[in-house]
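Counting in the numbering used here, the sequence shown runs from 1 upward without gaps.
Virtual Cβ for every residue (Gly too), placed ideally from N, Cα, C.
Keep in mind that this is a model prediction, so the values were computed, not measured.
The structure appears below as structure tokens.
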Amino acid sequence: MIPEIGFAAITVALALACYGTGAGALGAARHRPALVASAQHAAVGIFVLLAVAMLLLVYAFLTFDFSVRYVASNTNRGTPFYYRITALWGALEGSLVLWTWMLAGYTLLVVAFYRWRQREAYPWVLAVLLGIMAFFLLVMTVPASPFQRLDPIPVDGRGLNPLLEDTGMITHPIFLYLGFTGFTVPFAFAMAGLIRGRLDEAWITVTRRWTVLAWYFLSMGLLIGGWWSYHVLGWGGYWAWDPVENAAFMPWLTATAFLHSVMIQERRRMLKVWNLLLIILTFSLTLFGTFLTRSGIIASVHSFTQGTIGAFFLAFIALVLLFSLSLLAWRADRLRGQGELDSLISRESVFHLNNFFHVGVTFTVLLGTVFPLLSEAVRGVKVSVGEPFFNAVSIPIFLALIFLMGVGPMIAWRRASWAGLKRNFLWPVAIGAAGALVFFLLGVRHALALLTLGLVLFVAATMVHDFWRGTRARMRAGRGPVGAMADLALRQNRRYGGFVVHQGVLLVALGITGSQVFSVRTETSLRRGESIEVGRYQVRFEGLEAEEKSNHFLVTGVFTVANDRHVMGRMSPGKKFYPQEQQPIAHVAYRSGWREDFYLVLGDFSRDGQLATVLAMVNPLVSWIWLGGVVITLGTALLVLPGRRRDA
1 MIPEIGFAAI
11 TVALALACYG
21 TGAGALGAAR
31 HRPALVASAQ
41 HAAVGIFVLL
51 AVAMLLLVYA
61 FLTFDFSVRY
71 VASNTNRGTP
81 FYYRITALWG
91 ALEGSLVLWT
101 WMLAGYTLLV
111 VAFYRWRQRE
121 AYPWVLAVLL
131 GIMAFFLLVM
141 TVPASPFQRL
151 DPIPVDGRGL
161 NPLLEDTGMI
171 THPIFLYLGF
181 TGFTVPFAFA
191 MAGLIRGRLD
201 EAWITVTRRW
211 TVLAWYFLSM
221 GLLIGGWWSY
231 HVLGWGGYWA
241 WDPVENAAFM
251 PWLTATAFLH
261 SVMIQERRRM
271 LKVWNLLLII
281 LTFSLTLFGT
291 FLTRSGIIAS
301 VHSFTQGTIG
311 AFFLAFIALV
321 LLFSLSLLAW
331 RADRLRGQGE
341 LDSLISRESV
351 FHLNNFFHVG
361 VTFTVLLGTV
371 FPLLSEAVRG
381 VKVSVGEPFF
391 NAVSIPIFLA
401 LIFLMGVGPM
411 IAWRRASWAG
421 LKRNFLWPVA
431 IGAAGALVFF
441 LLGVRHALAL
451 LTLGLVLFVA
461 ATMVHDFWRG
471 TRARMRAGRG
481 PVGAMADLAL
491 RQNRRYGGFV
501 VHQGVLLVAL
511 GITGSQVFSV
521 RTETSLRRGE
531 SIEVGRYQVR
541 FEGLEAEEKS
551 NHFLVTGVFT
561 VANDRHVMGR
571 MSPGKKFYPQ
581 EQQPIAHVAY
591 RSGWREDFYL
601 VLGDFSRDGQ
611 LATVLAMVNP
621 LVSWIWLGGV
631 VITLGTALLV
641 LPGRRRDA
């Protein structure tokens, strides 16, 4: 009965979404509150029905109900308990259920917060959100039903993809989907503003925290995805410019541009059209990423499922762009900005450059990602571009963005004076240059590393300098040091929350630079009792061990590891052999520290256990990347607090 009940729940939810879209739009157009109220009830019903559908799927996974094709395809009787729950979003159909349920949850929050506070815009916002939900529900009833019945019922299932049996599966998709669906809210408010012709700064003010939180969730999704790749895939890296990675990175880039660009509109009433284009592009890229990764048209090491939904998503993306850009053209006469760029040496100019660089990287990544499709269409052969292309284009731009990160908050609006520039940047520039010189004298000769270190120190110094000036001013008014700092941070939480987020980004930049520039890698075959030296580490092969697990067979290599001749202990990288998989899965062993990670991967080995190939890596500063995520979390928490006054 589960397939029939679940399919019925989704079908009824689709009917409610279609009704709610029409009722919300008609109620808004004809000022009929009863219709808007019925659309609200439809939104509540959709959330409940999708929750029922999810619970049914979870129950089917936990009870091994292989009458549901989705369950039989993504679990078996050996799958551990917690991975039977995460298998819910382990493939296309279940991930769509989770995505739509999250979108329904966001919609309920909009209902709760804005049905009385945004009475004119709210009905249109509700109609747009319900219309988007209707599309996802349609996909779940036609090409990607999670409740398709399987007959005859198999004795056992196929099993979850082994790479998905990891703790990263619990958090990575959740954060990504919260980010993707979160951008639907500012998009809906933007569309409501265009429909109504009310195109002031109100929609930006209302959606600021929604955008910040969606950006944060997507940021964490990207970082957790990098950590997952690092400790599961067994290649020693965390980012490879893979199509699936790029699909999530592109909306992050445009959302970052949007978060900075709206400050200009709030302050100077400039860039109205540009900001609308950015949120349209961000929302469209979340859909495009799903199309790219779920349609199977581009191969990816991170793509664990393919489906037949490509045409549906492509059509919906076209519809979204046609609808939103038509509205934009219709309201073009009301979108003329009231401010002008007074000087190239101003905060507005810096934010313009910030936007240009973010969008430039976005289209570079987009071109590199779809290049195999373009080459196949033109020449009949798929040609992929690799990491060198992406790095060559993006690294200089990211360095420029780090520089702007320090300049933007410290330069004056409208027009900066020479005295102001000298006051704000003399010491930060000196600290950045001195820091780079010190590292050069300490033996660092890599130009990229020195430039990154200098820029990071410059940006950090600008932030510390600014915060200290504000704190000192409050201390002169009689506040103690701690009270002065707390008062400053809470009164100007947008400014200093942004500073903390930027500090997290700096840590990520340092981690990436250290691990990319100074990584040491050795791959060799060792006989039992033999040793190799990798950087400061000595590795001795002690032999192999084997263990039967619930759903796989694990072979581990035992290695004694010493650091500068001091024994650290044993590390046991291995290989997991699954009955349903032709190739074994890596079981990585690594030790993390604030200075560096030591990373081991077991390669081929002899049957008698006397010979094994091992990949050993020293990856400096990788832990700083994950620490950066923690700092970004703290900064985001400060950012979304209600401010006590408007920030400068």
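Asked                                                                                                            : Found
Inter-residue spacing [alpha-carbon to alpha-carbon] between I280 and I2                                         : 38 Å
Identified DSSP bridge partners for A537                                                                         : The amino acid occupying residue 537 in the given sequence is Tyr; Ala does not appear at that position. DSSP output for Y537 lists V534, N563 as bridge partner(s).
Residue environment, K549, which counts as buried when at least 16 other CB atoms sit within 10 Å                : exposed
Candidates V244, M475, E201: closest to G221 by CA position                                                      : V244
CB of F458 within 8 Å of CB of G406, strictly                                                                    : yes
Buried/exposed call for N391, threshold 16 Cβ in 10 Å                                                            : exposed
Contacting residues, own chain, Cβ-Cβ under 7 Å from I153 (five flanking each side not counted)                  : F66, S67
Cβ neighbour criterion (16 or more within 10 Å) applied to W468                                                  : exposed
Proximal residues to W241 (C-beta, below 6 Å), its chain only, five neighbours per side dropped                  : E387, F390
Classification of Q582 by the beta-carbon crowding that lies within 10 angstroms, buried from 16 upward          : exposed
One or two residues paired with Y599 in a DSSP bridge                                                            : Y590, M617
Supposed contact pair A562 and Q538 - C-beta distance, whole angstroms, cut 8 Å                                  : 4 Å
Pair within 8 Å by beta-carbon distance, Q610 and R527                                                           : yes
Three-state secondary structure (DSSP) of T524                                                                   : strand
Under 8 Å between C-beta atoms of T613 and S525                                                                  : yes
Three-pair Cβ contact test at 8 Å for the segment 14–32 versus the segment 120–131                               : yes
When F371, H41, T462, F136 are compared against W99, the one with the closest alpha-carbon                       : F136
Beta carbon of G6 nearer than 8 Å to that of L88                                                                 : no
Contact between the segment 172–189 and the segment 205–219 (3+ Cβ pairs under 8 Å)                              : yes
For L253, the residue or residues it bridges with in DSSP                                                        : None; L253 has no bridge partner.
C-beta contact flag for I46 and A104 at 8 Å                                                                      : yes
Residue from S346, V365, G360, R476 with nearest C-alpha to A412                                                 : S346
Assigned secondary structure, L554 (DSSP; H/G/I helix, E/B strand, else coil)                                    : strand
Spatially closest choice to D604 from G629, R565, V456, T556, by CA coordinates                                  : T556
Buried versus exposed, by CB contacts within 10 Å (16 or more), H31                                              : exposed
DSSP three-state assignment for G635, whether helix, strand or coil                                              : helix
Sequence-distant residues of the same chain with beta carbon closer than 7 Å to P372, five excluded per side     : I298, K382, V383, S384
Close-in-space but distant-in-sequence residues of the same chain around T369 (CB under 6 Å, 5 per side omitted) : P243, N246
For A412, three-class secondary structure by DSSP                                                                : coil
Cutoff 6 Å; reference T86; Cβ partners in own chain excluding five residues on either side                       : M169, I170
Outcome for F147 when other beta-carbon atoms lying within 10 angstroms are tallied against a minimum of 16      : buried
A546 (DSSP reduced to helix, strand or coil)                                                                     : strand
Alpha carbon of L278 to alpha carbon of L130, nearest angstrom                                                   : 22 Å
Exposure label - H566; buried when at least 16 CB within 10 Å                                                    : exposed
Identity of the residue in G159, P481, G78, V97 nearest V52 by Cα                                                : V97
Sequence-distant residues of the same chain with beta carbon closer than 7 Å to L253, five excluded per side     : H358, V361, T362
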